[in-house]
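Notes for the one structure printed next.
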Amino acid sequence: MEELVIRDADVVDGSGADSYRADVVVEGGRIVSIVKEAAAAGCQRPRARRELDAEGLVLSPGFVDMHAHSDLALLRDPDHSAKAAQGVTLEVIGQDGLSYAPVDDRTLGEVRRAIAGWNGSGDDIDFDWRTVGEYLDRLDRGIAVNAAYLVPQGTVRALAVGWEDREATPRELDRMRQLVAEGMEQGAVGMSSGLTYTPGMYAQDAELTELCRVVASYGGYYCPHHRSYGAGALEAYREMVALTREAGCPLHLAHATMNFGVNKGRAPELLALLDEALAAGADISLDTYPYTPGCTTLAAMLPSWASEGGPEQVLKRLADEETAERIRHHLEVTGSDGCHGVPIEWDTIEISGVGDPALATYVGRTVQESADRRGEAPWVTARGLLLADRLAPTILQHVGHEENVRAIMRHRVHTGGSDGILQGAKPHPRAYGTFPHYLGHYVRELGVLSLQECVAHLTSRPAARLRLPDRGLVREGYVADLVLFDPATVAAGSSFAEPRVLPTGIPYVLVDGRFVIEDGRRTDALAGRAVRRTPA
């Protein structure tokens, strides 16, 4: 007897092909048999110790979140329903150039402070690793869903160079090459950058190209949060395309949006740029989330010169009246590089989370709204909050455009990524809703993508980018990372008003053949592990 047979499922196999009705048999964590149209053919139907009636449900591969910020959440929250309930069976972490390996004691403390807004302080985590391999080993002890890791270029630079705005010396560059190579050898799938975040933003193209050559030599890919999503967005995209082509490295563009007023209606220009590069032989993919607002930290808005030296230096500059006035001028008049070269509009900056519960009254309001309540200028409010909360506040930035979102998600190299920050009292609803929102809103309600197309965007395309030979499709021999959902009811439960509500219409999710969601409820299974790079 087999372990499980899923009967009469409408299989959308991840390839983009038409669906078909089948019985699917799972044993030992893999799909061992697919019997198409078994009932209609009158053939002997497979039997198993457990039989699941999937009448009315779509069976698809598990969804791959190509841009996740669950680096610590996977360790602190065994339940992890924020992702498991969406049908996510694999997350790619180590994003935006900042994460927790490779590190030494100094760098670990600096990184923990720098990205507390993304992942929390980490005071509840035993940081018993320093290398990429040790971190992946820690994940292997058991997590809710699988995870792949990108070597974070900003963390590598902090470890080898520090947080200063300067070129790396030849010796430091050699050290960075070594760190990236070690991370790839230990199982990372590529390298990420955060080129509007310190210290990664201080790397010039020549330095990034050299690191990308290392990544390419191991069969990995480069995933940059590039230098501008605002005033210089198209130039920033061109820079990344040219850089990776010079390095011979595949490129995956993180949260590939066209935001701010200067980019309204300009998605076709981005797509034309990508099509030209693809036609010339470039290896490019991208991910997006299906919402218009962005999400980051309030401190990320600051100009790069104000962030040099790390978090403690930022706080000192904010505390100094003369320096704080320079920061305000760059934010409100010049257009800070941290705000993508666009003068900040405080009525678009909504506080989504704070580190200190005593500051909770700011959450859910824009900086402008809080300033009006306090009877002061918005910069005074923002500066005071950054100082009081020691750079921890996270924000929603309401600067996106729906027509751009729809145009980009249709592109043939598009994949799905939540960019979900799970911290804060009022996080972006994409953290809990990205994948059902694609299926419910953009497929069923709007018809922007067909169901078959959308599933391919969320499964086989990302698996191909990650070079996973046995995931991303419903195929015999493939790992049984599977989702069963109701195409008539699947929807995101999360909203901007109630961002932590779980989705509907996804009753079953399997990771490695084990139910992590069963009858719509989280089981106690910790079936996920680190998914390491497949050798080139």
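Quick note on our numbering: the sequence shown kicks off at 153 and runs consecutively.
Cβ atoms here follow ideal geometry from the backbone N, Cα and C, with glycine treated the same way.
Quick one: complete beta strand (DSSP E) runs, 3+ long, within the region 570-641?
Qualifying beta strand (DSSP E) stretches, in chain order: 634-637.
Tell me the start and end of each unbroken alpha helix (DSSP H) in the region 502-545 that is at least 4 residues and wholly inside, in chain order.
Segments of the alpha helix (DSSP H) lying fully in the region 502-545: 519-526 and 530-540.
Would you mind reading off the limits of the alpha helix (DSSP H) that contains T567?
Element bounds for T567: not the alpha helix (DSSP H) but the beta strand (DSSP E), H566 to G568.
To the nearest angstrom, how far is it from the Cα of R228 to the Cα of A312?
Each residue's Cα considered, the two are about 29 Å apart.
Kindly confirm or deny that the region 532-548 and the region 256-270 touch, where touching means at least three C-beta pairs closer than 8 Å.
yes
Measuring CB to CB, does H378 end up less than 9 Å from S344?
no
If distances are taken between C-alpha atoms only, which option among V668, G274 and T350 comes closest to D248?
T350
Can you name the residues that DSSP bridges to K188?
Looking at the DSSP assignment, K188 forms a beta bridge with A174.
Compute the beta-carbon to beta-carbon distance between D217 and G569, rounded to the nearest angstrom, for a pair I have assumed lies under 8 Å.
The C-beta distance from D217 to G569 rounds to 6 Å, short enough to meet the 8 Å contact threshold.
Q196: buried (16+ other C-beta within 10 angstroms of its C-beta) or exposed?
exposed
Using only the alpha-carbon positions, how far apart do S128 and E262 sit?
Past the edges of the chain, shown from 153 to 688, lies residue 128, and the structure says nothing about it.
For R627, which residues in the same chain have their Cβ closer than 8 Å to its Cβ, ignoring the five residues on either side in sequence?
D165, I183 and I186
So, helix, strand or coil for V284, using DSSP?
helix
Could you tell me the alpha carbon to alpha carbon distance between P700 and A237, rounded to whole angstroms?
For the chain, the structure presents residues 153 to 688; residue 700 sits outside this window and is missing.
Whole angstroms is fine: what's the gap from G400's alpha carbon to L422's?
21 Å
Could you please give the first and the last residue of the uninterrupted alpha helix (DSSP H) stretch that includes T444?
Unbroken run through T444: none, as it is neither H nor E.
Hey, quick one: how far does the alpha helix (DSSP H) through N298 stretch, first residue to last?
That residue, N298, is in no alpha helix (DSSP H); its beta strand (DSSP E) goes N298 to P304.
Between the alpha carbons of Y287 and W281, how many angstroms are there, rounded?
6 Å
Should Q356 be labelled buried (16 or more other beta-carbon atoms within 10 Å of its own) or exposed?
exposed
Less than 9 Å between the beta carbons of A649 and A577, yes or no?
no
Using the C-alpha atoms, what's the distance from A169 back to R264?
44 Å
Work out the CA separation of F215 and V393 for me, nearest whole Å.
27 Å
If S246 sits next to Y301, beta carbons under 8 Å apart, how far is it from one beta carbon to the other, in whole angstroms?
Note that residue 246 is Gly in the sequence shown, not Ser. With a Cβ gap of about 5 Å, G246 and Y301 count as contacting.
Name the residue from G346, V600, E497 and V284 whose alpha carbon lies nearest to the alpha carbon of E554.
V600
My output table needs one value for T321: the three-state DSSP class, helix, strand or coil.
coil
So, is P250 buried or exposed, given that buried needs 16 or more other C-beta atoms within 10 angstroms?
With the sequence shown as reference, residue 250 is identified as Leu, and Pro is not the correct amino acid for it. Buried: at least 16 other Cβ atoms inside 10 Å.
So does the region 633-645 actually touch the region 572-592, counting three or more Cβ pairs closer than 8 Å?
yes
Reducing DSSP to helix, strand and coil, say where H482 ends up.
helix
Please name the residue or residues paired with T656 in a DSSP beta bridge.
Its beta-bridge partners are A643.
The beta strand (DSSP E) that contains G346, what's its start and end?
G342 to G346
With distances taken Cα to Cα, identify the nearest neighbour of V607 among Y443, G592 and G352.
G592
Is A434 near the ligand ADP, with its Cβ less than 8 Å from a heavy atom?
No copy of the ligand ADP occurs in the structure displayed, which carries no ligand at all.
Which residues mark the beginning and the end of the alpha helix (DSSP H) in which S369 is found?
D357 to S369
Rounded to whole angstroms, what is the Cα-Cα separation between L620 and G527?
55 Å
Identify whether E316 lies in helix, strand or coil by the three-state DSSP scheme.
coil
Rounded to a whole number of angstroms, what is the C-alpha to C-alpha distance between P614 and A476?
43 Å
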